[in-house]
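Under this note's numbering, think of the first position of the sequence shown as 32, with each following residue one higher. Even for Gly, the Cβ is constructed at its ideal location relative to N, Cα and C. Reviewing the structure listed below.
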Amino acid sequence: MSNTDKNKPVSEQDKEVLENIMEELEAEAKEKAEATDKKADEAADSAAETETVAEETSEDTAEDKTSEDNAEGKEHKKKNPFAKKDKKDPLKEKVDELNDRVMRQMAEFDNFRKRTDKEKAQMFEQGQSNVLEKLLPVIDNFERGLAAVPENEKDGAFAEGMNKIYKQLVTELENLGVTPIEAVGKEFDPNLHNAVMQVESGEYESGIVAQELQKGYKFHDTVLRHSMVAVAQ
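This is how it looks when you write it as structure tokens:
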């Protein structure tokens with residue numbers, strides 16, 4: 032643009048155009064300002080609503096907390112060991128005490144009865160053992176007497192009578208639980224055998240009972256008398 036154009040006066044038409052442009056700009060600015068104010072009002076309303084909801088939520092939370100505290104307080108009161116306990120019925124306490132004493136007495140009596148029965152059984156068995164042990168020499172004498180009978184007299188009335196008495200006595204002892212201990216040909220057992228000598232034997236190995244010098248007996252599982260034996264070398 033030349034200097035001549037700069038100094039040229041503004042025409043009325045140009046002024047009118049400029050005024051129209053200015054009015055449009057002012058109108059646009061006003062619309063933008065109104066829109067901004069509207070958004071600000073909406074933001075303020077939203078903030079107010081948010082604050083109200085927050086206050087209501089806080090109040091509800093406080094109420095819930097108070098309810099929980101009250102519930103915990105009641106539970107704690109229930110579990111409190113130092114809280115006052117209900118007074119027990121003295122009659123019920125007395126009945127419980129007497130019942131406990133009776134149960135204890137019954138248990139003691141039952142134990143006493145079992146112990147007494149066991150002791151009686153042991154005493155009875157021991158008494159039987161003592162009597163049966165004293166009969167063993169009688170058996171020995173019968174066996175020696177029968178072994179000493181000559182061959183030509185074994186069929187005689189006296190020898191047969193002695194043999195019948197011997198067999199009857201042995202049978203009755205067996206019925207009572209008395210049995211002879213096996214010895215010859217068995218391995219030496221100090222719980223059953225009493226070794227009085229060692230002998231050379233071509234029939235039995237070392238440690239095997241070769242001879243029985245006196246018969247031993249058991250009463251059930253108890254040894255009445257050990258077998259007196261000779262053991263092979």
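When the cut-off is 9 angstroms and only beta carbons count, does Phe143 lie next to chain C?
Protein chain content of the structure displayed is limited to a single chain, and chain C is not contained in it.
Taking the C-alpha atoms as reference points, what is the distance between Lys165 and Arg132?
Position 134 of the sequence shown holds residue 165. Position 101 of the sequence shown holds residue 132. Computed Cα separation, rounded: 49 angstroms.
From Lys145 to Tyr235, what distance separates their C-alpha atoms?
As a working mapping, residue 145 is identified with position 114 in the sequence shown. As a working mapping, residue 235 is identified with position 204 in the sequence shown. For Lys145 and Tyr235, the distance between alpha carbons rounds to 49 angstroms.
Can you tell me which of Glu243, Ser258, Gln242 puts its alpha carbon nearest to the alpha carbon of Lys249?
Position 218 of the sequence shown holds residue 249. The residue with the shortest Cα to Cα distance from Lys249 is Ser258.
Considering Phe270, what are the terminal residues of the beta strand (DSSP E) in which it resides?
In the structure as shown, the chain starts at 32 and stops at 264, and residue 270 therefore has no counterpart that could be examined.
Between the Cα of Ile239 and those of Asp141, Phe143, Glu128, Glu213, spot the shortest distance and give me the residue it belongs to.
Reading the sequence shown from its first residue, position 208 is the one you call residue 239. Looking at the Cα atoms, Glu213 is the closest of the given residues.
Could you give the residue range of the beta strand (DSSP E) that holds Tyr235?
The residue given as residue 235 occupies position 204 in the sequence shown. Tyr235 -> no beta strand (DSSP E), and no H or E assigned at all.
Would you tell me roughly how many angstroms separate the C-alpha atoms of Ser160 and Glu203, rounded to the nearest one?
Sequence index remark: in the sequence shown, residue 160 carries index 129 (1-based). Sequence index remark: in the sequence shown, residue 203 carries index 172 (1-based). Their Cα atoms are separated by approximately 14 angstroms.
Using the three-state DSSP reduction, which class does Ala85 fall into: helix, strand or coil?
Residue numbering aside, residue 85 sits at position 54 when the sequence shown is read from its first letter. Confidence in Ala85 is poor, its pLDDT being 47 and thus under 50, which makes the residue's placement unreliable; the coordinate value appears in the next sentence. DSSP places Ala85 in helix when its eight states are reduced to three.
Helix, strand or coil: how does DSSP classify Leu255 here?
Numbered from 1 along the sequence shown, position 224 holds the residue referred to as residue 255. Three-state DSSP puts Leu255 in a strand.
Nearest CA to the CA of Ser237: which residue from Phe219, Asn225, Glu243?
For the purposes of this step, residue 237 is identified with residue 206 of the sequence shown, where counting begins at 1. Out of Phe219, Asn225, Glu243, Phe219 has the C-alpha closest to the C-alpha of Ser237.
Could you spell out where the beta strand (DSSP E) holding Gln242 opens and where it closes?
Against the sequence shown, residue 242 aligns to sequence position 211. Counting along the chain, the beta strand (DSSP E) containing Gln242 begins and ends at 240-245.
Compute the beta-carbon to beta-carbon distance between Ile170 and Val215, rounded to the nearest angstrom, for a pair I have assumed lies under 8 angstroms.
Translated into positions along the sequence shown, residue 170 becomes position 139. Translated into positions along the sequence shown, residue 215 becomes position 184. That pair is no contact at about 18 angstroms.
Can you tell me where the beta strand (DSSP E) with Pro211 in it begins and where it stops?
Translated into positions along the sequence shown, residue 211 becomes position 180. Residues 209-211.
Reducing DSSP to helix, strand and coil, say where Thr126 ends up.
Reading the sequence shown from its first residue, position 95 is the one you call residue 126. According to the sequence as given, residue 126 is Val; it is not Thr. Looking at Val126 - three-state DSSP - the assignment turns out to be helix.
Since Ala241 and Ala263 should fall inside the 8 angstroms C-beta cutoff, what is the C-beta to C-beta distance between them, to a whole number of angstroms?
Locating residue 241 in the sequence shown gives position 210, where the first residue counts as 1. Locating residue 263 in the sequence shown gives position 232, where the first residue counts as 1. Going by Cβ atoms, the distance from Ala241 to Ala263 rounds to 4 angstroms, so yes, they are a contact pair.
Which of helix, strand or coil does DSSP assign to Gln199?
Reading the sequence shown from its first residue, position 168 is the one you call residue 199. Gln199 falls in the helix class under three-state DSSP.
Just the Cα atoms here: how many angstroms apart are Gln245 and Val209?
Taking the sequence shown and counting its residues from 1, the one referred to as residue 245 is at position 214. Taking the sequence shown and counting its residues from 1, the one referred to as residue 209 is at position 178. One C-alpha to the other measures close to 16 angstroms.
Apart from the five residues just before and just after Gly247, which ones in its own chain have a Cβ nearer than 6 angstroms to its Cβ?
The residue given as residue 247 occupies position 216 in the sequence shown. Around Gly247: Ile212, Arg256, His257, Ser258.
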